[in-house]
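Reading through the structure tokens given below for one structure.
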Amino acid sequence: MVEEYLRFAFRSLSQQKSRAALTLLGMVIGIAVIVALISLGAGMRATISDNLEKVGADRINIFPSGLFGSFAGPPQENVPFSEKELAAVARIPGVKDVQPYFFRSGDVVFRNEKAFVNIGGGTEEILEIYSSFYSLKEGRYIKDMDDRAVNIGFRLAEDTFDTPIRVGDFIEVNGKKFEVVGIFTEIGNREDDTTVFMPIKTAQKLFDAPGEVTMMIATAEDERKVKITAERIEEELKKLRGGKDFEVATTEDFAKQINQVLGVLTFVLGGIASISILVGGVIIMNTMLMSVFERTQEIGVLKATGATQRTILTLFLTEAGFVGLVGGILGFIAGAALSLIIEAVGKAYVGSMFKTLITPELVAGSIAFSWIVGAISGLYPAWQASKLVPVEALRYE
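Read left to right, the sequence shown gives residues 357 to 753 (the numbering used here).
Here it is as structure tokens:
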């Protein structure tokens, strides 16, 4: 019986190929966008969660409000920290350790070629904290006592200049010569992968900024009290700086902020996709109504030969559901392909955060959802068909 219903649906659709294709289009587009959104969103959340886990839940980042355009609120003037403030944070109860980080941008010259890149200055402890990100491909890490040694990002070494940079080569940073003693493995983010990293004292001297600290990375003594420790840091710095021109963010804060952005993006684009699916459902309903009118005599014959209202209802519901099912399958394939394309483009420009995660639940859910929309859209046309009176249907021209 099921085979007969499906054969009926397939024969009906194959007789009107152009109409069937247009009917499927809205559903395919809507499902494709939703699949791409969910798979990319899930992949990005998984990547971010993994990265934040590597950093550690006990980390507290302190930076001037203007550094990243403000973590919460409008951008403000970037006022760096001082070594006095660094020492004050280190004395706060609950702070196990605090490390300074210095950040600027500058010129790097290698064999008469120039590039404008990020230049970071930090300590051996900073590299240890972020060792899961800044692992070495070759060479060694810089040491605090190094004066003319740097570590560089993978992309700066491999493809920024015509000739790859190797360990032992010398580069000029803002006119000063440095030896490359280590090259990081690829992170996946071009900004990080083209960074020059040197001891903080060397970086401060290079930019004539003695004692200047761009940001601080603190470690809480107790992971369970990281929020309380962060609040203490905020209060202490408010006193020292005469107000709040800085941000204090825990690993959890970063995770929440990123998830909020992803949530808003998913909501907006998901709304657009939902409209497309709704339009697709309306198109399926209109197509099925046209099919009922065109096949009125056929319905009359079926009823005259013993087909019940339930049989007619099931036939047309099967046809509508079949359209939704095919739309779901094609939409899923298109959505998976779209998400992989976005992932490839995103990795090239933004980094490894763009990652697709396609789960069995997503496959089943997207196809089932499309089938349900199709079936619901076919309810009214199927009901109309089942209510036709055989004698009147046979007279219809």
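Positions of the beta carbon are idealized from the N, C-alpha and C atoms, including for glycine. This structure is a prediction, so every number in the text was calculated from the model and none was measured.
Original post:
How is the alpha helix (DSSP H) around R511 delimited, first residue to last?
Top reply: Here residue 511 corresponds to residue number 155 of the sequence shown, with the count starting at 1. Counted as a single uninterrupted DSSP element, the alpha helix (DSSP H) harbouring R511 occupies residues 510–514.
Subject >> Cβ-Cβ distance between V384 and G687 below 8 Å >> reply: Start at 1 with the first residue of the sequence shown, and residue 384 comes out as number 28. Start at 1 with the first residue of the sequence shown, and residue 687 comes out as number 331. Taking 8 Å as the Cβ cut-off, V384 and G687 qualify as a contacting pair.
Original post:
By Cβ distance below 8 Å, which residues in the same chain neighbour E481 in space, the five residues on each side in sequence not counted?
Top reply: The sequence position of residue 481 within the sequence shown is 125, counting from 1. The residues are D453, Q455.
Original post:
Pick from N507, N434, F517, D502: whose alpha carbon is nearest that of F472?
Top reply: Looking up residue 472 in the sequence shown gives position 116. Answer by Cα proximity: F517.
Original post:
Are P420 and N434 closer than 8 Å when you measure CB to CB?
Top reply: Walking along the sequence shown from the start, residue 420 turns up at place 64. Walking along the sequence shown from the start, residue 434 turns up at place 78. Taking 8 Å as the cut-off, the beta carbon of P420 is found closer than this to the beta carbon of N434.
Subject >> Rounded separation between E494 and V411 - CA only >> reply: The residue you call residue 494 lines up with position 138 of the sequence shown. The residue you call residue 411 lines up with position 55 of the sequence shown. The alpha-carbon atoms of E494 and V411 are separated by roughly 22 Å.
Subject >> CB-CB length for I416 against V604, believed under 8 Å >> reply: On the sequence shown, residue 416 is found 60 positions in, with the first residue counted as 1. On the sequence shown, residue 604 is found 248 positions in, with the first residue counted as 1. Yes, they are in contact, since the Cβ atoms of I416 and V604 sit about 6 Å apart, within 8 Å.
**OP:** Over the uninterrupted alpha helix (DSSP H) stretch that includes T570, give me the two end residues.
**Re:** Walking along the sequence shown from the start, residue 570 turns up at place 214. Unbroken run through T570: none, as it is neither H nor E.
**OP:** Give a yes or no on contact between the segment 674–692 and the segment 732–743, applying the rule of three or more CB pairs nearer than 8 Å.
**Re:** Yes, the segment 674–692 touches the segment 732–743.
Original post:
Is V537 helix, strand or coil by DSSP?
Top reply: On the sequence shown, residue 537 is found 181 positions in, with the first residue counted as 1. Looking at V537 - three-state DSSP - the assignment turns out to be strand.
Original post:
Count the other CB atoms within 10 Å of the CB of G691; is the residue buried (16 or more) or exposed (fewer)?
Top reply: Taking the sequence shown and counting its residues from 1, one reaches residue 691 at position 335. By the C-beta density criterion, G691 is buried, having at least 16 other C-beta atoms within 10 angstroms.
Original post:
Is S438 near the ligand COA, with its Cβ less than 7 Å from a heavy atom?
Top reply: Among the components of this structure there are no ligands whatsoever, and the ligand COA is therefore not found.
Original post:
Rounded to a whole number of angstroms, what is the C-alpha to C-alpha distance between Q740 and A663?
Top reply: If you number the sequence shown from 1, residue 740 lands on position 384. If you number the sequence shown from 1, residue 663 lands on position 307. Rounded to whole angstroms, the separation of the alpha carbons of A663 and Q740 is 15 Å.
Subject >> G450 - DSSP class collapsed to helix/strand/coil >> reply: Here residue 450 refers to the residue found at position 94 when the sequence shown is read from its first residue. G450: coil per DSSP, three-state reduction.
Subject >> Coarse secondary structure for F623, derived from DSSP in three states >> reply: For the purposes of this step, residue 623 is taken as residue 267 along the sequence shown, with counting starting at 1. Helix at F623.
Subject >> Nearest to A376 (by Cα), restricted to the options N642, A700, I573, K612 >> reply: Taking the first residue of the sequence shown as 1, we reach residue 376 at position 20. Looking at the Cα atoms, N642 is the closest of the given residues.
Original post:
Hey, would you say V617 sits closer than 8 Å to E528, going by beta carbons?
Top reply: Counting from one through the sequence shown, the residue named residue 617 turns up at place 261. Counting from one through the sequence shown, the residue named residue 528 turns up at place 172. No. Outside cutoff.
Subject >> Check whether T479 and D500 have beta carbons under 8 Å apart >> reply: Looking up residue 479 in the sequence shown gives position 123. Looking up residue 500 in the sequence shown gives position 144. In terms of Cβ geometry, T479 and D500 form a close pair [threshold 8 Å].
**OP:** Answer yes if the segment 625–639 comes into contact with the segment 716–730, meaning at least three C-beta pairs across the two stretches below 8 Å, and no otherwise.
**Re:** Yes: the two stretches touch, three or more of their Cβ pairs being nearer than 8 Å.
Original post:
Do N507 and F540 have their C-beta atoms closer together than 8 Å?
Top reply: Against the sequence shown, residue 507 aligns to sequence position 151. Against the sequence shown, residue 540 aligns to sequence position 184. The Cβ atoms of N507 and F540 sit closer than 8 Å to each other.
**OP:** With R415 as the anchor, note down where its beta strand (DSSP E) starts and where it stops.
**Re:** For this step, residue 415 is matched to residue 59 along the sequence shown. Per DSSP, the unbroken beta strand (DSSP E) holding R415 starts and ends at 415–420.
**OP:** Take A559 as the anchor and find which of V523, G476, R546 has the nearest alpha-carbon.
**Re:** Here residue 559 refers to the residue found at position 203 of the sequence shown. When each option's Cα is compared against that of A559, the closest is G476.
**OP:** State buried or exposed for R447, treating a residue as buried only when at least 16 other CB atoms are found within 10 Å of its CB.
**Re:** For this step, residue 447 is matched to residue 91 along the sequence shown. Label assigned to R447: exposed.
Original post:
Among residues of its own chain, excluding the 5 on either side of R467, which ones have a beta-carbon nearer than 8 Å to its beta-carbon?
Top reply: Numbered from 1 along the sequence shown, position 111 holds the residue referred to as residue 467. The residues are F517, D518, T519.
**OP:** Within its chain, find whatever has a CB closer than 7 Å to the CB of D509; leave out the 5 residues flanking it on each side and keep chain order.
**Re:** Translated into positions along the sequence shown, residue 509 becomes position 153. First, the amino acid is wrong: residue 509 is Gly here, not Asp. Annotation for G509: F540, D548, D549, T550, T551 place their beta carbon closer than 7 Å to its own, counting only its chain and skipping 5 residues before and after.
Subject >> Three-way DSSP call (helix, strand, coil) for Y486 in this model >> reply: Translated into positions along the sequence shown, residue 486 becomes position 130. The answer is coil: DSSP assigns Y486 none of H, G, I, E or B.
**OP:** Go to T558, then tell me how far its alpha helix (DSSP H) extends in each direction, as first and last residue.
**Re:** Taking the sequence shown and counting its residues from 1, one reaches residue 558 at position 202. For T558, the enclosing alpha helix (DSSP H) stretches over residues 556–562.
Subject >> Other residues of its chain near I589: CB distance less than 8 Å, five sequence neighbours each side excluded >> reply: The count along the sequence shown starts at 1 and reaches residue 589 at position 233. Answer for I589: I416, I418, V445, I448, V451, A574, V604, listed in chain order.
Subject >> Straight-line gap, T712 to N530 (C-alpha atoms, nearest Å) >> reply: Here residue 712 is taken as the residue at index 356 of the sequence shown, counted from 1. Here residue 530 is taken as the residue at index 174 of the sequence shown, counted from 1. Near 39 Å, if we compare the C-alpha coordinates of N530 and T712.
Subject >> Sequence-distant residues of the same chain with beta carbon closer than 7 Å to L442, five excluded per side >> reply: Position 86 of the sequence shown, counted from the start, is the residue given in the question as residue 442. V454, P456, V569, M572.
**OP:** Along the alpha helix (DSSP H) that carries A738, what are the first and last residues, could you check?
**Re:** Indexing the sequence shown from 1 puts residue 738 at position 382. Taken as a continuous stretch (DSSP letters only), the alpha helix (DSSP H) holding A738 covers 735–742.
Original post:
By a C-beta neighbour count over all protein chains shown, 10 Å radius and 16 as the cutoff for buried, is D414 buried or exposed?
Top reply: In the sequence shown, counting from the first residue as 1, residue 414 sits at position 58. Taking all protein chains shown into account, D414 has 16 or more neighbouring C-beta atoms within 10 Å of its C-beta and is therefore buried.
**OP:** Enumerate in chain order the residues of its own chain whose CB-to-CB distance from R666 is below 8 Å, with the five nearest sequence positions on each side excluded.
**Re:** Counted from its first residue, the sequence shown places residue 666 at position 310. Excluding sequence neighbours, R666 sits near S742.
Original post:
How big is the Cα-Cα spacing for I723 and I390?
Top reply: Indexing the sequence shown from 1 puts residue 723 at position 367. Indexing the sequence shown from 1 puts residue 390 at position 34. CA-to-CA, the gap between I723 and I390 works out to about 11 Å.
**OP:** Please classify P737: is it buried, with 16 or more other beta-carbons within 10 angstroms of its beta-carbon, or exposed?
**Re:** The sequence position of residue 737 within the sequence shown is 381, counting from 1. That one is buried.
Original post:
Can you round the beta-carbon distance between A629 and L393 to whole angstroms, since I take them to be within the 8 Å contact cut?
Top reply: One-based indexing of the sequence shown puts residue 629 at position 273. One-based indexing of the sequence shown puts residue 393 at position 37. Contact flag correct, Cβ pair sits at about 7 Å.
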